[in-house]
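Participant: Take a look at the following structure, please.
Structure follows, in structure tokens:
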């Protein structure tokens, strides 16, 4: 399975966007085929990869299968999708308290804006927007 995935990645990273196959279905370099006079058919590597993965039991075009697979990966790695997909909304009062706290921290000069934002669990750009706000 690992080799199949590595091969799929390599196929999708090719610069010319296509792979070329002979009438027997063997892959061949376009320049080599031209030099030897071999007829080739261009194949979208994405379609080829999807077919190979489906033959191996990975149905990546099936949304439900993908959701289940992503959930499984999240549970195995400890990165549950439920934790990462929710966005927090702050009330104006919460924002004011955070900005007041920042003023105290800024006066000490011990933390950067980015470190402070990370510490309280908001994005740096969100924090900057609040400061401008």
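In the numbering used here, the protein residues as written are 17 to 149.
Glycine included, each C-beta is placed from N, C-alpha and C at the ideal position.
Can the beta-carbon of residue 139 be found less than 8 angstroms from the beta-carbon of residue 133?
Facilitator: yes
Participant: Among 137, 111 and 127, which has the Cα closest to the Cα of residue 146?
Facilitator: 111
Participant: Expressed to the nearest angstrom, what Euclidean distance is found between the alpha-carbon atoms of residue 81 and residue 73?
Facilitator: The alpha-carbon atoms of residue 81 and residue 73 are separated by roughly 10 angstroms.
Participant: Counting along the chain, where does the alpha helix (DSSP H) carrying residue 124 start and finish?
Facilitator: 108 to 124
Participant: I'd like the ranges of any beta strand (DSSP E) spanning at least 3 consecutive residues and lying wholly in the stretch 27 to 89.
Facilitator: 35 to 37 and 57 to 59
Participant: Going by the beta-carbon positions, is the gap between residue 28 and residue 36 smaller than 8 angstroms?
Facilitator: no
Participant: Could you check whether residue 24 and residue 88 sit closer than 8 angstroms to each other, using their CB atoms as the reference points?
Facilitator: Their beta carbons are not under 8 angstroms apart, which means residue 88 does not touch residue 24 by this criterion.
Participant: With 16 other CB atoms within 10 Å as the buried threshold, where does residue 202 fall?
Facilitator: No answer is possible for residue 202: it lies beyond the span of the chain, which begins at 17 and ends at 149.
Participant: Which of helix, strand or coil does DSSP assign to residue 129?
Facilitator: helix
Participant: Express the C-alpha separation of residue 48 and residue 71 in angstroms, rounding to a whole number.
Facilitator: 29 angstroms
Participant: Taking just the CA atoms, how far does residue 118 sit from residue 76?
Facilitator: The C-alpha of residue 118 is placed about 45 angstroms away from the C-alpha of residue 76.
Participant: From residue 121 to residue 103, what does the alpha carbon distance come to, in whole angstroms?
Facilitator: 25 angstroms
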